[in-house]
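Trainee: Residue numbering for the sequence shown follows UniProt numbering, beginning at 1 and increasing consecutively.
For each residue, glycine too, the CB sits at the ideal point set by N, CA and C.
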Amino acid sequence: MSTTSMSNSVLAKLEQYTACDISDALLKLKVPGAGFIADLNSYSGKPGNDAGTLTIAPVSTVLFAAKGETLAEPTPNVPKDTHWTDVTEPGTFVVMKQPPGQTNAICGGIMALRMKIREAKGILVAGRVRDVEELRSTNLPILAHGLSTVGSGGGSVPWALQVPLEINGVTVSPGDIAFQDPVNGVVIIPKDKVDQVLEILPKLIAADDKVKEDVLKGMSVYDAFKLHRGT
């Protein structure tokens with residue numbers, strides 16, 4: 001699956017589930033962290049998010065470095081004389097990572113607006129954002145670990161585009177699928193696990209439905225799990 005493509009059939013199948021369902025499948029597949037990106041706050045959402053509208057899209061990535069720092073890897077690849085937002089890949093959920101411990105933001109209103117114009121589907125910042133009212137005006141789902149009043153020039157520079165990111169033990173690579181559920185959170189599905197996830201999910205849901213039926217009838221959770229989940 002390429003960075004910017006996802007078939008309508010895959011999207012339609014994934015839309016039947018919640019982020020919790022997706023993580024249950026990834027846990028079965030032994031994906032680290034079950035794909036969950038923890039401790040995110042929502043600073044903007046698309047219309048209908050209160051009703052649980054999902055955003056599901058391939059991932060594109062941006063890695064930031066501390067100002068004045070030279071990273072051993074990856075090799076820097078941000079085009080010269082170009083702002084990184086100007087090469088945002090259309091149709092993607094942009095995932096950005098900031099060096100730990102910084103108090104400046106790496107995404108603000110102008111950057112979010114440019115990404116929207118470039119047809120991004122959403123923005124996830126493993127770091128800080130600012131200009132909350134401007135973020136909201138985009139109607140994009142925008143999530144981050146925190147806020148700042150300080151722009152990126154205060155401490156961060158874009159270093160590399162379309163490289164794997166490690167976020168709290170979860171690896172996020174270009175072309176993975178971001179599954180943003182405004183009720184339950186964000187899960188990243190590795191691109192090479194999508195077919196397996198879709199194969200496992202109906203069985204997991206069916207087992208859980210049977211567990212709930214038996215628990216409603218008075219069976220203990222222990223016995224219901226043992227009967228239907230094999231645990």
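Using a 10 Å radius around the Cβ and a threshold of 16 neighbouring Cβ atoms, would you call residue 99 buried or exposed?
Mentor: The residue is buried, with at least 16 neighbouring Cβ atoms inside 10 Å.
Trainee: In three-state DSSP terms, what is residue 8?
Mentor: Residue 8 falls in the helix class under three-state DSSP.
Trainee: Out of 28, 61, 24 and 40, which has the shortest C-alpha to C-alpha gap to residue 176?
Mentor: Cα-wise, what sits closest to residue 176 is 61.
Trainee: Excluding sequence positions up to five away, which residues of its chain have a Cβ less than 6 angstroms from the Cβ of residue 173?
Mentor: Contacts found: 164.
Trainee: How many angstroms separate the CA atom of residue 205 from the CA atom of residue 23?
Mentor: Rounded to whole angstroms, residue 205 to residue 23 spans 12 angstroms at the Cα level.
Trainee: What residue range does the alpha helix (DSSP H) around residue 118 cover?
Mentor: No alpha helix (DSSP H) holds residue 118; DSSP gives it neither H nor E.
Trainee: Which residue from 228, 203, 200 and 136 puts its Cα closest to that of residue 213?
Mentor: Nearest C-alpha to residue 213: 228.
Trainee: For residue 143, report the span of its beta strand (DSSP E) as first-last.
Mentor: Taken as a continuous stretch (DSSP letters only), the beta strand (DSSP E) holding residue 143 covers 142-147.
Trainee: Less than 8 angstroms between CB atoms is the rule here; does residue 180 satisfy it with respect to chain C?
Mentor: In the structure shown, chain C cannot be found, because there is only a single protein chain.
Trainee: If residue 111 and residue 85 are in contact, beta carbons under 8 angstroms, what's the gap, nearest whole angstrom?
Mentor: Between residue 85 and residue 111 the Cβ distance is about 5 angstroms, and since that is below 8 angstroms, they are a contact.
Trainee: May I ask you to report which of helix, strand or coil DSSP gives residue 127?
Mentor: Strand.
Trainee: Should residue 117 go down as buried or exposed, given a rule of 16 or more other Cβ atoms within 10 Å for buried?
Mentor: Residue 117 comes out exposed.
Trainee: Please tell me whether residue 168 and residue 19 are closer than 8 angstroms, where the distance is taken between their beta carbons.
Mentor: For residue 168 and residue 19, no; Cβs fall outside 8 angstroms.
Trainee: If you check the beta carbons only, do residue 146 and residue 108 fall under 8 angstroms apart?
Mentor: No. Outside cutoff.
Trainee: Does DSSP put residue 16 in a helix, a strand or coil?
Mentor: Coil, per DSSP.
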